[in-house]
Amino acid sequence: MFPISCAGSVRPNATLRVEQLTVVFRGAGRPVVRGVSFEIAPGETFGLVGESGSGKSLTCRAILRLLPRGAKAGGRVTYGGRALLELTNAEMQALRGSTIAMIFQDPMTALNPVLRVGDAIAQVIASHEGVGARASRKRAIDMMARVGIRDAPRRAASYPHEFSGGMRQRIHIAMALAARPTLLLADEPTTALDVIVQAEILRLLDDLRREHGMSLLLVSHDFRVVAGLCDRLGVMYGGELVEMGPARTVLHHPQHPYTIGLMNSLPEAVAGRGRLQAIPGSPPDPEHAPPGCVFAPRCALAVSACTEAPVPVVETSPGHSSRCLRIDRLGELRPALVGADRSGA
Amino acid sequence: MLLVAEHLTKTYAHRRGWSTPPGRDRGRDVRPALADASLSLERGESIGIVGESGSGKSTLARCLALLDRPDAGRVLLDGVELTRLGAGSLRRSRRRIQVVFQDPYSSLNPRLTVGSALSEVLLVHRLVPRHRIGRRVAELLDQVGMPARAADRYPSDFSGGQRQRICVARALAAEPEVLIADEPVSALDVSIQAQILNLLADLRTQLALSVIFISHDLYVVRYIAPKIGVMFGGRIVEVLPEGVPLEQARHPYTQALLNSRSRLDPGWLAESRDLATDLTSSLPATGCPFRERCPRVFAPCRDVDPPAVDIGHGHLVACHYVTNSYGGSARA
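Line order of the protein sequences matches chains A and B.
Mind the numbering: the first sequence is residues 22 to 366 in the numbering used here, read in order.
Mind the numbering: the second sequence is residues 577 to 908 in the numbering used here, read in order.
Right under this line is the structure:
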């Protein structure tokens, strides 16, 4: 498809493997991310769903080694056979942007406010691929046009603040993809955007993934966002991956009480006039999460065994796993939405 | 009618700063944040307001609560024209319209205990005799599902959801007839949102409150209020009365909102159409505010801002395309 010119980069058909990932803050007792394992195949879209404090963003950042100060990752992360956590800073820096890129919720944090956007994108191309100024500038403009910016040659000379939120996110995406990474990590890329713009950005990400043969890790607090474009998804709660499986199976046959609770609490789950099925209580502070199942204090099915020892991951169907001791009793919870879209549109 | 707003218009002045580009410093924005917005509520009736950021929904809330004075138009509460009251009488009327804001972190004073935040309201409005204040505070906390001992603690001791409950209790302390909730769950964890929505729905029925519920999510809004106003570009472009399903929305913008809405359905993104919106960052200065993004745009949209027309049973649509196709009713 396209040349990979950066020294030490990874073949485009690489798999990301995250094995027993932990993230611990210095001075804190319990890790805030515990035993997270998943894989993303080449060209696959994997969604990571969880609310604030679930550890989803830290998991995402740990892969790129962009953890906040004081946080340390353990376990193993490999991409195309290279162990990312063991690379030197220089080796890691060479991979960032060229092989693995990341986009954030707020594009303003990623865009330099005093740099014209065309120059910012061209800089990425020039620094990763060693092409000349003229060529990188031309490619920057092509990239801007590709992400849907009208009149790209002229807009390349504008500054970030001159764009709307949605347009800024497009520029951020153009910058992230400028050096043709094979894996894109997107942390809440549409959370700050309006409904219509959100759908457009997600569609753009999906199209670009297909064109570039890229793998995509999409992190979101919103089940509905990841439902739209992920092949597989994982649900995080209190620092652990509590359920993982093919998107369709997880949505139609959820195997963890938290997943069912989240789906049932959405307004579209009450077809008519019924009350919303709220999950009682509030999310745990992952550092002080109880031993055993983290969700047990809020779970209608919890029994004493749930809180006594760590709960193992069980495979409920091929490729679909859940960290729950009460899987056989899930039928007692009101059946989830079963994916059917009663709301229509 | 309990609350009537007529032709509310509000334009925020652009402050001229060092970064104001030349030509943009005329002092005023071209398009008002709120233009000619009218709505009315019976006692106990609720309405949901939906729109994207910048659509004017928060400006509408602020003008209804007289937190901002509209430039034009009137707000009437029980026949009393609030927009004409002086500061003193307005202060007495304010009690009757209370607001819960989006961010429960910035809307509580971190140095006041929850009890003092609530009793302050009771004292200012002289709602209960001093010796009964403690008991009333406990009642209010109970009403929002908080233990009475919360009164002695500070906002920082509570989670976002709990703080939002406290904000609701503080609003209820004033014994309002109208409760305006401006994106009250947007800042909360997903698993907490349903708790607060249920609380608001319960209070609405128990206290016969008129709730004005503002959100960007049509389905969240409909859960609280059967009647929905859709805003775009400072205008109320469609009003869906109770009983009209969302799917029967006629305004192209409302239809676009429904089309683009994420759902718990693996196929929603593939099924939604690309509307090629957001291509311009500013709205057109004349005509219909939606015309540059509208798939139905035709000649009159450019020059004439479409008036809201009742297409039946209080279903109002401000769209030339829709009212044209309704022929006769367009002149009603």
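From the three backbone atoms N, C-alpha and C, an ideal C-beta is built for every residue, glycine too.
| Item | Value |
| --- | --- |
| On a CA-only basis, which of A:Leu287, A:Val256 and A:Glu261 is nearest Gln276 (chain A)? Give me that one, please. | A:Val256 |
| The segment 239-250 of chain A: which residues have C-beta closer than 7 Å to a C-beta of chain B, in chain order? | His242, Asp243, Phe244, Arg245, Val246, Ala248, Gly249 and Leu250 |
| Compare the C-beta of Met235 (chain A) with all C-beta atoms of chain B and state if any pair is closer than 8 Å. | no |
| Between which two residues does the alpha helix (DSSP H) carrying Arg780 (chain B) extend? | Val766 to Gln782 |
| Among B:Ala714, B:Ala770 and B:Ala750, which one has its Cα closest to the Cα of Asn285 (chain A)? | B:Ala770 |
| Leu42 (chain A) to Val797 (chain B), Cα distance in whole Å? | 40 Å |
| Consider the Cβ of Ile790 (chain B): report whether some Cβ of chain A lies at a distance smaller than 8 Å. | no |
| Counting along the chain, where does the beta strand (DSSP E) carrying Leu239 (chain A) start and finish? | Ser236 to Ser241 |
| Quick one, are the C-beta atoms of Val168 (chain A) and Ala195 (chain A) less than 8 Å apart? | yes |
| Inspect the beta-carbon positions of Asp728 (chain B) and Ser73 (chain A) and report whether they are closer than 8 Å. | no |
| Under a three-way DSSP split, which group does Phe244 (chain A) fall into? | helix |
| Can you say whether Val656 (chain B) is buried or exposed, counting buried as having 16 or more other CB atoms within 10 angstroms of its CB? | exposed |
| Count the other C-beta atoms from every protein chain shown that fall within 10 angstroms of the C-beta of Gly624 (chain B), then say buried if there are 16 or more, exposed otherwise. | buried |
| Suppose you measure from the CA of Pro821 (chain B) to the CA of Thr203 (chain A); what does that come to, to the nearest Å? | 44 Å |
| Mind listing the chain B neighbours of Gly282 (chain A)? Cutoff is C-beta to C-beta under 8 Å, in chain order. | Ser767 |
| In this structure, does DSSP put Gly365 (chain A) in helix, strand or coil? | The pLDDT assigned to Gly365 (chain A) is 34, lower than 50, so where the model puts this residue is not dependable, and the model offers no usable value. |
| Report yes if the CB atom of Leu785 (chain B) is closer than 8 Å to the CB atom of Ala749 (chain B), and no otherwise. | no |
| Leaving out the 5 sequence neighbours to the left and right, which residues in its chain are closer than 6 Å to Arg872 (chain B) when beta-carbon positions are compared? | Pro828 and Tyr897 |
| Helix, strand or coil, according to DSSP, for Leu642 (chain B) in the structure here? | coil |
| Expressed to the nearest angstrom, what Euclidean distance is found between the alpha-carbon atoms of Thr36 (chain A) and Val247 (chain A)? | 20 Å |
| Considering only residues of the same chain and omitting the five flanking positions on each side of Val7 (chain A), which have a CB-CB separation below 7 Å? | An answer regarding residue 7 (chain A) cannot be provided, because it is not within the stretch 22 to 366 covered by chain A. |
| Where Ala321 (chain A) and Leu354 (chain A) are concerned, what is the direct C-alpha to C-alpha distance, given to the nearest angstrom? | 8 Å |
| Quick one: any contact between the segment 77-96 of chain A and the segment 112-127 of chain A, if contact means 3 or more CB pairs under 8 Å? | yes |
| Does DSSP put Ser901 (chain B) in a helix, in a strand, or in coil? | helix |
| Checking the sheet assignment: what are the DSSP bridge partners for Glu657 (chain B)? | B:Leu652 |
| CB-CB under 7 Å to Ser179 (chain A), same chain, minus the five flanking residues each way: which ones, in chain order? | Arg137 and Val138 |
| Does any heavy atom of the ligand ADP sit closer than 7 Å to the C-beta of Gly302 (chain A)? | Summarising the ligand content, the structure contains no ligands, and the ligand ADP is consequently not present. |
| Quick one: Cα of Ala115 (chain A) to Cα of Pro307 (chain A), how far? | 33 Å |
| Going straight from the alpha carbon of Ala763 (chain B) to that of Pro680 (chain B), what length do you get? | 8 Å |
| Going along chain A, which residues have a C-beta under 9 Å from Ala861 (chain B)? | By Cβ distance, chain A contributes nothing, its closest Cβ being about 17 Å from Ala861 (chain B), past 9 Å. |
| Spell out a yes or no on whether the segment 667-674 of chain B and the segment 606-619 of chain B are touching, meaning 3 or more CB-CB pairs, one atom from each, closer than 8 Å. | no |
| Would you give the residue range spanned by the alpha helix (DSSP H) that Tyr100 (chain A) belongs to? | Tyr100 (chain A) -> not in any alpha helix (DSSP H); beta strand (DSSP E) instead, spanning Ala92 to Tyr100. |
| For Met807 (chain B), count neighbouring Cβ atoms within 10 angstroms of its own Cβ and tell me buried if that reaches 16, exposed if not. | buried |
| Report the three-state DSSP secondary structure of Val679 (chain B) (helix, strand or coil). | This sequence places Asp at residue 679 (chain B); Val is not what is there. Here Asp679 (chain B) sits in coil by DSSP. |
| Would the segment 123-135 of chain A count as touching the segment 150-170 of chain A if we require 3 or more Cβ pairs under 8 Å? | no |
| Let me see if you follow: with CB-CB separation under 8 Å, is Asp215 (chain A) close to chain B or not? | yes |
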